[in-house]
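Quick notes on the structure that follows.
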Amino acid sequence: MTSNLLALLLSVIAIILPLRYGCSDIIGGHCVRAHSRPFMAAIRRMNITVCGGVLVGRQWVLTAAHCNYRLEESDTRVVLGAHQASKAEKEQQRFKIMRFFSHPQYNRSSKENDIMLLKLDRMANLNKYVQLFPLPDTGEDIKPGTKCSVTGWGRTSSGKLSKCLREATVEIVDRKVCERKYNKKQKPVNITRNMLCAGGKMRFSKRDACQGDSGGPLICGRKFSGIVSFGEKCGIGDRPGVYTRLTEKYINWIKKTVSRNGEA
Ligand code: 4AZ
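When we follow my numbering, the leftmost residue of the sequence shown carries the number 10, and every step to the right adds one.
Encoded structure:
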């Protein structure tokens, strides 16, 4: 009897442990309900999602400036309305990039101002699967400890790109604490007030954005607060992911760029 109970207990543990800690990624997240994040854009090249982005105007996707690498190559597409971005889903709308606007002060080595707007080759049709995500009204800072979510098709803990759109909960990390982690490196990076750091804190569950998630959103309390920018590898306990913070300066730059270069 007791051995039966023990066997039962062990099998329950064997089932629950992998569910809790194993096959659940972005790094440490899970697949979202299909089409429940209709603002998400996938930037694809050679059948790979190289970056994420957010639809902020009918013809405009906000992403990270470091995603501008080889953007002009002819097979680059922006896919809206995707859940499994590598499949041809009926909800998807595909676009070429007409123009791109990296932030004029983007600096590749300091990683400052890692933000970029893409103008699509036509207007998106807004429907249940494709919707705009509003910019925040103010660029207020997000307090350490705040729980946020990060969303993308990037690498999971298996090392492969995700088939489905995934999301993980990450916690804002104090800028000073974060800076100490990045200052120890050979090529130190200053964590400025235009950046946010966030990571997973729990002992066994590492939660983070990873390669392919760049350009995707950090959402804190339903508010668009940041853009996946960089990090030392992915899901390393003491190295949080770093995000471009949507400051007032950037919000104004977005509004100005969109209004000067066509309709929102
Ligand atoms: C990347 O290579 C990348 N852990 C993005 C985010 C992070 C690391 C790498 C954060 O695009």
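Beta carbons: idealized from backbone N, C-alpha and C, even for Gly.
Asked                                                                                                                        : Found
Inter-residue CB distance, Ile263 and Leu89 (contact presumed, cutoff 8 Å)                                                   : About 18 Å separates the two Cβ atoms, so there is no contact after all.
Same chain, Cβ closer than 6 Å to Leu141, five either side skipped, listed in chain order                                    : Leu64
Nearest-angstrom Cβ-Cβ length linking Glu257 and Gly148, presumed shorter than 8 Å                                           : 4 Å
Glu180, enclosing beta strand (DSSP E) - first and last residue                                                              : 175-182
Span of the beta strand (DSSP E) around Thr72                                                                                : 69-72
Beta-carbon contacts of Arg248 that lie in its chain and below 6 Å, excluding the five residues immediately before and after : Lys190, Glu241
DSSP bridge partner residues for Met49 (one or two, in chain order)                                                          : Val63
Contacting residues, own chain, Cβ-Cβ under 8 Å from His44 (five flanking each side not counted)                             : Gly90, His92, Glu100, Lys137, Tyr138
C-beta atoms of Asp123 and Lys105 nearer than 7 Å                                                                            : no
Per-residue burial, Pro226 [other beta carbons within 10 Å of its own, 16 or more giving buried]                             : buried
Three-state class that DSSP yields for Ile260 in the structure shown                                                         : helix
C-alpha gap between Ala51 and Asp183, whole angstroms                                                                        : 30 Å
Residue burial classification, Val179 (beta-carbon count within 10 angstroms, cutoff 16)                                     : buried
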